[in-house]
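Below is one structure, written out as structure tokens; the observations come after it.
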Ligand code: 6PG
């Protein structure tokens with residue numbers, strides 16, 4: 004399995020703790036985090052906004068996204084909107100915020116990611132089909148050139164709507180720490196496939212350190 008499996012009851016609380024710990028252990032003055040989308044991410048950010056309100060100096064934090072749907076930023080499907088509502092508007096500060104903009108194309112965000120060098124944290128979720136970020140089974144983004152850090156991508160099955168922009172595995176691998184958060188029985192099969200070493204997209208993620216925060220319902224057996 005790619006990374007350390009940590010089975011916890013309180014995934015959002017553990018997520019917040021890991022981000023705070025990473026912030027206090029950061030090797031540079033600044034701190035960079037790439038946010039995810041999805042319902043689990045929303046719960047994690049709402050908790051981080053509370054637990055991290057005093058424990059992080061948000062004026063030192065640069066915020067990126069690991070993936071985005073190609074929708075207006077005020078769309079209910081926008082990951083940018085999710086990150087702003089669940090986290091940024093609640094902590095009230097950040098040094099810089101870099102949303103993905105599909106209309107600018109992948110090269111603009113590729114340049115942004117190449118400039119940041121390393122991410123301190125990349126937060127990822129797990130789809131029931133084994134996807135992570137917007138790297139879907141059978142999608143072109145899985146086989147991007149190693150030099151590509153960001154691509155436009157789409158779910159060929161149609162199960163996950165919208166054209167997407169996403170970090171590639173190369174882009175994700177720039178993380179000092181990848182934190183996966185997985186909750187609920189509907190993710191147990193996908194989590195089991197990861198634990199069994201099956202070639203699902205999430206199993207391909209590599210970084211300096213990969214930690215899986217999984218609740219009891221989603222935990223592999
Ligand atoms: C997205 C997310 C996606 C998400 C998983 C899990 O843009 O949809 O980045 O990768 O993390 O689908 O989502 P849930 O937590 O809602 O199950």
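Numbering (the numbering used here), first residue to last: 4 to 224. Glycine included, C-beta positions come from ideal geometry on N, C-alpha and C. As the structure is a prediction and not an experimental result, all values here were calculated from the model.
Buried or exposed: which applies to residue 134, given that a residue is buried once 16 or more other Cβ atoms fall within 10 Å of its Cβ?
By one-based count along the chain shown, residue 134 stands at place 131. Residue 134 comes out buried.
Between which two residues does the alpha helix (DSSP H) containing residue 21 stretch?
Here residue 21 refers to the residue found at position 18 when the chain shown is read from its first residue. 14-27 is the extent of the alpha helix (DSSP H) around residue 21.
Flag this pair as yes or no: are the beta carbons of residue 3 and residue 174 separated by less than 9 Å?
The requested residue 3 is not part of the displayed model; the chain covers only 4 to 224.
Does residue 65 come out as helix, strand or coil in the three-state DSSP assignment?
Counting from 1 along the chain shown, the entry for residue 65 is found at position 62. Strand, per DSSP.
Which partner residues does residue 7 have in the DSSP bridge list?
On the chain shown, residue 7 is found 4 positions in, with the first residue counted as 1. Its beta-bridge partners are 214.
Can you list the residues near ligand 1, meaning Cβ strictly closer than 5 Å to any non-hydrogen atom, in the order they appear in the chain?
Cβ atoms closer than 5 Å to ligand 1 belong to 39, 40, 41, 42, 43, 70, 128, 130.
Please look up how many angstroms separate the CB atoms of residue 103 and residue 194, rounded, as I've assumed it's under 8 Å.
Within the chain shown, residue 103 is the residue found at index 100, counting from 1. Within the chain shown, residue 194 is the residue found at index 191, counting from 1. Rounded, the Cβ-Cβ distance is 27 Å, inconsistent with contact.
Do residue 47 and residue 165 have their C-beta atoms closer together than 9 Å?
On the chain shown, position 44 is the one that residue 47 refers to. On the chain shown, position 162 is the one that residue 165 refers to. It is not a contact, given that the beta carbons lie outside the stated cut-off.
Of the residues 90, 212, 98, which one's Cα is nearest the Cα of residue 15?
Along the chain shown, one-based indexing puts residue 15 at 12. Looking at the Cα atoms, 90 is the closest of the given residues.
Got a sec, what are the start and stop residues for the beta strand (DSSP E) residue 115 sits in?
As a first step, residue 115 must be located in the chain shown, where it is residue number 112. Run containing residue 115: none in the beta strand (DSSP E); it sits in the alpha helix (DSSP H), 109-119.
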